[in-house]
Every structure is written in C-alpha cells, then in structure tokens.
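These notes are about the structure you will find just below.
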Amino acid sequence: MKKILAMLLALTMVLSLAACASDSDDTATENKEAEQTVEIPDVPDYTGEDTSSIPGLEDGVFTVGMECAYAPYNWMQMDDSNGAVPISNMDGGYANGYDVMIAKRICEAYGWELEIVSSDWESLTASIQSGVMDANIAGQSMTADRLNEVDMAGPYLYATIVCVTTKDSEFADAKSISELAGGSCTAQTGTIWYDSCLSQIPDADILPPAETAPAMIMQLQTGTVDFICTDMPTAMGAVAKDDNMVILNFSGTDGDFQFADEAERAENVNIGISVEKGNTALVDAINKVLADLNEEQFNALMDQAIAIQPEI
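Count the sequence shown with mature numbering (1 follows the signal peptide of the UniProt record, and there is no 0) and you get residues -21 to -1, 1 to 291, in order.
Structure representation (structure tokens):
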C-alpha cells in the first residue's frame, strides 16, 4: 500500500510540474506576443491649423492618386469593409490598403476630406505635374530620377529588395543573386526592381515588365517566369495569399543587389509621397504627420494591411 501511495504521490508531482511548465510556457508565449505588439499612436490633431493656403488644399479636399491594384499598398474592393474609401473615378469601387491607411491619417490630422483617384502606374507622375492630383500615395520609391520630376514627403515605409519564387523551384534555396543565374524573371514596369536590379543577376532571362503587381505575381504563379523581383511588402502580401511562394531575401549579405553606396540604396528602397515640384508647404504638412510614426510602427500598419488584403 505504501508503495502504491508513493507512486501516486510521485505521479501527482509529475503532473503538477508538467502543468506548471505548461503554464510557464503559455505565460512566456503571452509575454513574447505582448513584447511583439507595436502600439500605433493616435492621429495627431492639427485641425486648428489654417491649411487653406497650401496649393491644392484650398478647398480642404486632399486628392490622392494610386493604382488601386498594388496590394498590399493599395487595392480595389467592392464594399467599404475594413475602412475602405470610395474611388472617385470608379463607380462602386472602394480603395483600401497601406496607402489608404496613411492617406486617412493625414486627412484626419488636418480635417481634410479624402478623395482617392485610381490611376495607371505610368500616369501617376504626370497627374501630379498637371495638378490633377494633390499627391500620389502609391508605393513609389524615392529615386533621384523621380525627385527630378516631383517633390516627395517621407519616407512612409522603409522597404527591402527581395525576389520571390515557388517552393518547388530550383531557385528556392538561393542564398545570393548569383545563384539565380540563368533564371527567367520579371518585375513591374517603371520600378527600380525592373530597371536596375534584374540586370545584376548573371545571365538572367529578363522578360518584358509586367504592367501591374498582380500581373507580375500571376506570371510567377503560372510558371511564365522562375522568379520575380519586388519589395518586401509586396512579397509578403503575395506569400500571405499563396503558400506555394517563398521569399528570397539577400539583404545584409554580399550576395544582395548592389548600389554605389548606402545613400543610393536608401533612395531606391525608401517609399515616399509625391507632390508637385515646389509645393513645400504640402511636403511639410505631410511630413509633420509622418514624423509621429517610426519604422517599427510603419511596419505594423503594413502588417495590418497584409492581414486584410483580398485574394490576389
């Protein structure tokens, strides 16, 4: 009997310790999740400021251009769920995504009315220069060439150059761009990814550029290309909706895409907001709102956009 009681006591102690360990693990997991939670500050209140003298904002309407086809930066959906905003030139269409979130923060800060206009990627800069748009919030890199044509506020995101391939691809385990040699590839038209990055891959079979990000991703899904080159948010958005894709991130290694210096790299990956050349008042107003967020908080907002984006 004593042996039986001892065995029962030992078993009870084991179960108790296991429960404590489980509780400890659960607590550690909860603490880790809490540590990873990034708090997004409330939108600052600048509604008391007179912004009527800012060119383009005399009527209090902030007209913003974007493709509405570049998830997770921006996309079109058919209802106002998740805070989507009507697209003024597309009946029944609503815009949502990271760019819309940023545009809404800017408008809320100053009490402006937000108007979203859908525009082709290649027409975005011209629409700013002609005064059709007050700003483009459209996932545009702050390149030297673009800054010759428009002024830019920001950055409102610090992106990274990556490639995306499929899990069953011969390139799925590539550790550098040199290991992508000979592969067929593409990127979106009018981007640094297509114009400067793909050509750095040895013997790359570079296909014509895709007109849109969804078209680029579709070429990978259908096997038209072996891999695509894009930025991290676009890649993360694609992988979130298609688990057959894998991201190839060579950042911080000698096998990464190369630029003359870190300043050139920054201008090619940092994402900014385009405004008309010389409209410093609008640049300053936008930057005042963006300054309230840090890189980690920008990334947290992008994670929110990726979580609600529609199927590609």
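In this text, a Cβ means the ideal position worked out from N, Cα and C, and glycines have one as well.
Predicted, not measured: the structure shown is a model, and the values here were computed from it.
Candidates I285, I33, S120 and K267: closest to W100 by CA position:
S120
List the residues that DSSP assigns as beta-bridge partners of Y137.
N249
Cβ atoms of P65 and residue 324: under 9 Å apart, would you say?
In the structure displayed, the chain extends from -21 to 291; residue 324 sits before or after that span and is not available.
Beta-carbon proximity of N258 to D130, cut-off 9 Å
yes
If I measure Cβ to Cβ from C86 and keep anything under 6 Å in the same chain, skipping five residues before and after, which residues do I get?
F41 and L93
Exposed or buried, T26, counting other C-beta atoms within 10 Å across all chains shown (16 or more means buried)?
exposed
Other residues of its chain near A279: CB distance less than 7 Å, five sequence neighbours each side excluded:
V17 and I19
Ordered along the chain, which non-local residues of its own chain (more than five positions away) have a Cβ less than 7 Å from that of D152?
none
Is it right to say N75 is buried, meaning 16 or more other beta carbons lie within 10 angstroms of its own, or is it exposed?
buried
Minimum length 3: unbroken beta strand (DSSP E) runs contained in the segment 77 to 128
92 to 97 and 114 to 120
Quick check: the segment 54 to 68 against the segment 240 to 257, are there 3 or more CB pairs under 8 Å?
no
Do G44 and L103 come within 9 Å of each other at the CB atom, strictly closer than that value?
yes
Can you tell me which of the three DSSP states D152 falls into?
coil
Spatial neighbours of W91 in its chain, beta-carbon cut-off 6 Å, leaving aside the 5 residues before and after:
G39 and F41
At the level of alpha carbons, what is the spacing between K11 and V254?
With a pLDDT of 37 at K11, under the threshold of 50, the modelled position of that residue is not reliable, and the figure given next carries that caveat. Each residue's Cα considered, the two are about 41 Å apart.
Proximity of D271 and P34 at Cβ, strictly below 9 Å:
no
Tell me, please, which residues DSSP counts as bridged to W54.
A48 and N75
Can you tell which of E149, V218, C142 and N68 has the C-alpha that lies nearest to the C-alpha of M112?
N68
Does the CB of A138 have a neighbour CB from chain D at under 9 Å?
Given the protein chain composition of this structure (a single chain), no chain D is represented.
Residues of its chain near S157, where Cβ-Cβ distance is below 7 Å and the 5 sequence neighbours each way are ignored:
P181 and G234
Mind pulling the beta strand (DSSP E) runs of 3 or more residues that sit fully within the segment 188 to 224?
206 to 210
Within a Cβ cutoff of 6 Å, which residues of the same chain sit near C208, ignoring the five residues on either side of it in sequence?
C142, A166, W172, C176 and L177
Buried or exposed (CB count within 10 angstroms, at least 16 for buried), T213
buried
What is the residue span of the beta strand (DSSP E) that W165 lies within?
The sequence shown places Thr at residue 165, rather than the Trp named in the question. Residues S163 to T165.
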